[in-house]
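Peer 1: Structure below; questions to follow.
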Amino acid sequence: MSTRTLAASSILTWRATAWRSRVVLMFLWGGLTAVMVKAFLLQHVHVEQWQKRAEVRYERQRDLPASRGRLLDRNGTVLAVSIPEMRVGVSPKLLSADHPKLKQAADILGQPVAELRSRIRSAKHFFYLASGLDIDRADRLKALGLPGLEFDQEFRRHYPFGEALSNVIGFTDLSDLGQEGLERAMDRQLRGTAGAERVLVDRRNQVFGARQNDPAKPGEDVQLSIDAGLQSVAYQAAKAAMVSHKAKGAAAVVLDPRSGEVLALANAPSFDPNQRQRLDPNRVRNRAVADSFEPGSTLKPFAIATAMDAGLVRPNTTFQTAPGQMSISGRVIRDSHAHGLLTVSEILQKSSNIGTAQIALRIPAQTLHEHYRAAGFGLSPPLSLPGAVAGRLRPWQSWVAIDQATISYGHGIAVSLVQLARSYSVFAREGDIVPVSLHPVSTPVVGSPVFSARTAAAVREMLELATGPGGTAPKAQIQGFRVAGKTGTAHKPERGGYSKTRFIASFVGFVPADQPRLVIAVMIDEPSAGQHYGGDVAAPVFAQIASESLRRLQMSPNPSVRVLPSALALGEGT
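Here it is, written out as structure tokens:
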């Protein structure tokens with residue numbers, strides 16, 4: 080090849096190489112520019128779009144349950160509390176049924192390992208292995224490092240006083256929502272606000288990081304006027320009376336007449352809210368507020384007080400009750416015993432139906448009705464409890480003479496035990512009445528007048544006679560304390576009339592009679608062990624609750640006030 084030909088060939092090669100280099104360089108710059116533009120768009124323009132995609136793929140939101148507020152008694156004792164627990168679930172795609180540590184996990188969970196392996200093998204999707212694990216067991220399970228396990232926090236409601244308070248407090252469901260009692264009535268206040276956290280997961284759905292966006296807010300604590308100690312005393316006494324008298328049920332209410340605070344609200348039969356797999360509706364019902372019954376002779380003081388307030392009778396006004404029966408509008412009313420000539424004080428002391436009816440028939444029907452309403456009968460008690468009944472008090476315009484007579488001694492009218500207890504605070508106070516409250520009352524309360532203070536004091540003395548010798552309730556007496564109260568024995572209505580074998584036995588009173596601190600009402604439903612009078616069945620329960628309650632309140636007994644053994648033998652009373 081000639082020198083000229085070689086030179087021409089070299090120039091061509093150089094030119095071709097230079098052109099290709101420029102083309103490659105252009106592509107490189109173009110690619111780099113595209114990458115830079117794309118990076119700019121990703122980092123500055125389409126940030127939210129790609130961030131959302133990443134969150135969908137690598138982030139999960141978990142709900143954070145909120146702890147429910149506590150229920151506390153008047154002294155700060157815990158009555159209901161939410162205990163933190165864990166729920167554990169497993170992804171069968173990540174956890175092999177043949178994992179060597181599965182036996183340890185089964186032991187912690189308290190499950191047979193064969194059953195656990197079978198569940199993992201048969202499952203196709205995530206499922207929960209167990210719930211209600213305490214924190215210690217959950218930590219031991221986490222320490223095994225098994226893949227595919229997830230832990231969620233939950234709360235279990237615990238009731239330290241069990242069946243003693245269950246009818247009042249109620250319970251929550253699996254979603255921690257109040258279903259009965261105060262748990263239901265105060266659900267909004269007790270229920271917290273759930274939070275949320277976002278967790279980071281890898282491609283195997285394993286959590287490797289978390290950030291909390293919205294913390295859970297626990298519910299508010301609620302303090303009650305209930306005294307846990309007095310509640311336990313009242314419940315045990317009511318339960319024992321129900322068993323010993325083979326009764327259908329029993330209830331007891333303890334109030335502070337000075338403030339209207341409810342100190343105890345006991346029901347039997349009851350149930351354990353911590354073990355409620357099978358709930359009997361008859362045990363869940365709060366009899367003290369949800370059941371109404373004819374109060375019998377416990378209503379007599381109100382007719383007598385109305386007549387005294389109207390100036391129609393005085394404590395020493397006499398009435399002839401012989402021969403122990405009386406005809407009104409063709410119907411006959413009777414006393415349990417023939418008493419003869421009785422003063423108004425003796426009529427209440429001996430619980431004479433005839434004497435009370437004669438007094439009531441002197442009162443204008445409208446006046447008597449107005450005083451019953453003022454004492455709370457026929458009105459729902461102001462309590463934050465579901466199911467509280469108003470009872471039954473017919474309009475006075477529909478009354479005839481026999482109605483007015485029978486209502487005066489507690490037939491043809493229906494009340495709840497809470498209503499009855501509250502009404503007796505009228506006589507424990509100066510003739511006025513205050514609202515009942517399930518929450519502590521910190522400020523002085525002003526009552527609504529029902530009777531004059533003079534009338535209330537006179538009836539208070541009569542009620543004290545009813546618990547002494549010659550009265551219907553000597554078994555309500557307490558060593559060292561003056562007691563005032565009234566028995567009630569009412570036939571239960573049936574088939575348009577009244578049963579001859581089914582009764583409601585009751586007693587309502589207050590102690591000490593000279594400076595009342597407690598109003599206590601007791602009701603025994605259908606006692607069937609041989610005794611059914613309020614003086615024999617309900618009055619001793621009052622004495623038991625009152626005696627122990629006064630001791631717990633550190634009230635000093637008066638040595639001059641003594642229980643006469645001979646008086647206790649006179650316990651039969653209506």
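Numbers 80 to 653, taken from this note's numbering, label the letters of the sequence shown in order.
Each residue gets a CB set at the ideal place from its N, CA and C atoms; glycine is no exception.
Under 8 Å: do the stretch 172-182 and the stretch 299-316 share three or more Cβ pairs, one atom per stretch?
Peer 2: Segments in contact, no.
Peer 1: Output the boundary residues of the alpha helix (DSSP H) element that contains Gly614.
Peer 2: Where Gly614 is concerned, the enclosing alpha helix (DSSP H) stretches over 613-616.
Peer 1: Alpha carbon to alpha carbon, how far is Val598 from Gly588? Give it in angstroms, no decimals.
Peer 2: Whole-angstrom Cα-Cα distance: 6 Å.
Peer 1: Which residues does DSSP list as the beta-bridge partners of Thr272?
Peer 2: Answer is Lys296.
Peer 1: Is it true that the CB of Ile162 sits closer than 8 Å to the CB of Arg216?
Peer 2: No, these two residues do not count as a Cβ contact at 8 Å.
Peer 1: Within the same chain, show all residues whose beta-carbon is closer than 6 Å to that of Pro352, passing over the 5 residues directly before and after it, in chain order.
Peer 2: If we look at Pro352 and ignore the five residues flanking it on each side, its Cβ neighbours are Tyr238, Ser245, Phe250.
Peer 1: In this structure, how does DSSP classify Glu259 when only helix, strand and coil are distinguished?
Peer 2: DSSP places Glu259 in coil when its eight states are reduced to three.
Peer 1: When you compare the CB positions of Gln264 and Ser527, do they come within less than 8 Å of one another, or not?
Peer 2: Strictly speaking, residue 264 in this sequence is Ala, with Gln absent from that position. No, these two residues do not count as a Cβ contact at 8 Å.
Peer 1: State yes or no: is the C-beta of Thr446 within less than 8 Å of the C-beta of Thr397?
Peer 2: Contact flag unset, no.
Peer 1: Assuming Pro46 contacts Leu427 under a Cβ cut-off of 8 Å, what Cβ separation, rounded to an integer in Å, is found between them?
Peer 2: Nothing can be reported for residue 46: it is not among the residues displayed for the chain, which extend from 80 to 653.
Peer 1: What span of residues does the alpha helix (DSSP H) with Arg200 cover, start to end?
Peer 2: Counting along the chain, the alpha helix (DSSP H) containing Arg200 begins and ends at 192-201.
Peer 1: Given a threshold of 16 other Cβ atoms within 10 Å of its Cβ, counted over all protein chains shown, does Ala648 qualify as buried or as exposed?
Peer 2: With a pLDDT of 48 at Ala648, under the threshold of 50, the predicted position of this residue should be treated as unreliable, though the coordinate-derived value follows. Classification for Ala648: exposed.
Peer 1: Rounding to the nearest angstrom, what Cα-Cα distance links Gly308 and Arg630 in this structure?
Peer 2: Going from the Cα of Gly308 to the Cα of Arg630 covers about 11 Å.
Peer 1: Can you find the residues in the same chain that come closer than 6 Å, C-beta to C-beta, to Ala61, ignoring five residues on each side of it along the sequence?
Peer 2: It is not possible to answer for residue 61, since the shown part of the chain is limited to 80 through 653.
Peer 1: Between Gly274 and Asp300, how many whole angstroms is the CB-CB distance? I'm expecting something under 8 Å.
Peer 2: With a Cβ gap of about 19 Å, Gly274 and Asp300 do not count as contacting.
Peer 1: Whole angstroms is fine: what's the gap from Asp266's alpha carbon to Arg147's?
Peer 2: Looking at the two C-alpha atoms, the distance is approximately 9 Å.
Peer 1: Under the DSSP definition of a beta bridge, which residues are partnered with Ile426?
Peer 2: None; Ile426 has no bridge partner.
Peer 1: Please confirm whether Asp388 and Ser502 have their CB atoms less than 8 Å apart.
Peer 2: No. Outside cutoff.
Peer 1: DSSP three-state call for Val640: helix, strand or coil?
Peer 2: In the structure shown, Val640 sits in coil (DSSP, three-state: anything other than H, G, I, E or B).
Peer 1: Leaving out five residues before and five after Arg196 in sequence, what residues of the same chain have Cβ atoms less than 7 Å from its Cβ?
Peer 2: Cβ neighbours of Arg196 beyond the five flanking positions: Ala176, Leu181.
Peer 1: Considering only the beta carbon of each residue, do Pro572 and Glu449 sit closer than 8 Å?
Peer 2: No.
Peer 1: Nearest CA to the CA of Asp231: which residue from Gly241, Asn154, Asp218?
Peer 2: Among Gly241, Asn154, Asp218, the Cα nearest to that of Asp231 belongs to Asp218.
Peer 1: Tell whether a beta-carbon distance below 8 Å holds between Leu421 and Ala484.
Peer 2: Not closer than 8 Å, so no.
Peer 1: Can you tell me the Cα-Cα spacing of Phe586 and Gly271, whole angstroms?
Peer 2: Answer to the nearest angstrom: the Cα atoms are 42 Å apart.
Peer 1: Tell me which residues share the same chain as Gly470 and place their Cβ nearer than 7 Å to its Cβ, disregarding the 5 neighbours each side in the sequence.
Peer 2: The answer, listed in chain order, is Ser371, Phe456, Gly457, Ala493, Val494, Ser495, Gln498.
Peer 1: Can you find the residues in the same chain that come closer than 8 Å, C-beta to C-beta, to Gln258, ignoring five residues on each side of it along the sequence?
Peer 2: Excluding sequence neighbours, Gln258 sits near Gly249, Phe250, Thr251, Asp252.
Peer 1: Examine the Cβ distances between the stretch 409-420 and the stretch 531-540 and report whether three or more of them are shorter than 8 Å.
Peer 2: No, because fewer than three Cβ pairs between the stretch 409-420 and the stretch 531-540 fall closer than 8 Å, the two stretches do not touch.
Peer 1: DSSP state of Gln232, grouped into three classes?
Peer 2: Gln232 falls in the strand class under three-state DSSP.
Peer 1: With a CB to CB cut of under 8 Å and the five nearest residues on each side skipped, what residues in its chain are close to Pro349?
Peer 2: Pro is not the amino acid found at residue 349; the sequence shown has Ser there. Excluding sequence neighbours, Ser349 sits near Glu242, Ala243, Ser245, Asn246, Tyr314, Lys318, Arg362.
Peer 1: Look at the Cβ atom of Phe119, then the Cβ atom of Gly168, and state whether they are nearer than 8 Å.
Peer 2: No; because the gap between Cβ atoms is not below 8 Å, this pair is not in contact.
Peer 1: Looking at the structure shown, is Gly434 part of a helix, part of a strand, or coil, going by DSSP?
Peer 2: Here Gly434 sits in helix by DSSP.
Peer 1: Candidates Ala584, Asp482, His611, Val642: which alpha carbon is nearest Gln558's?
Peer 2: With distances taken between Cα atoms, Gln558 lies closest to Val642.
Peer 1: Please report the distance separating the alpha-carbon of Ala326 from that of Ala617.
Peer 2: Straight-line Cα distance between these residues: approximately 11 Å.
Peer 1: Helix, strand or coil, according to DSSP, for Gly328 in the structure here?
Peer 2: Looking at Gly328 - three-state DSSP - the assignment turns out to be strand.
Peer 1: What ranges does the alpha helix (DSSP H) occupy inside the stretch 294-377, keeping only unbroken runs of at least 4 residues that lie completely in it?
Peer 2: With a minimum length of 4 residues, the continuous alpha helix (DSSP H) runs that stay inside the stretch 294-377 are 307-323, 360-363, 366-369.
Peer 1: By a C-beta neighbour count over all protein chains shown, 10 Å radius and 16 as the cutoff for buried, is Lys203 buried or exposed?
Peer 2: The residue in question, Lys203, is exposed, as its Cβ has fewer than 16 Cβ neighbours within 10 Å.
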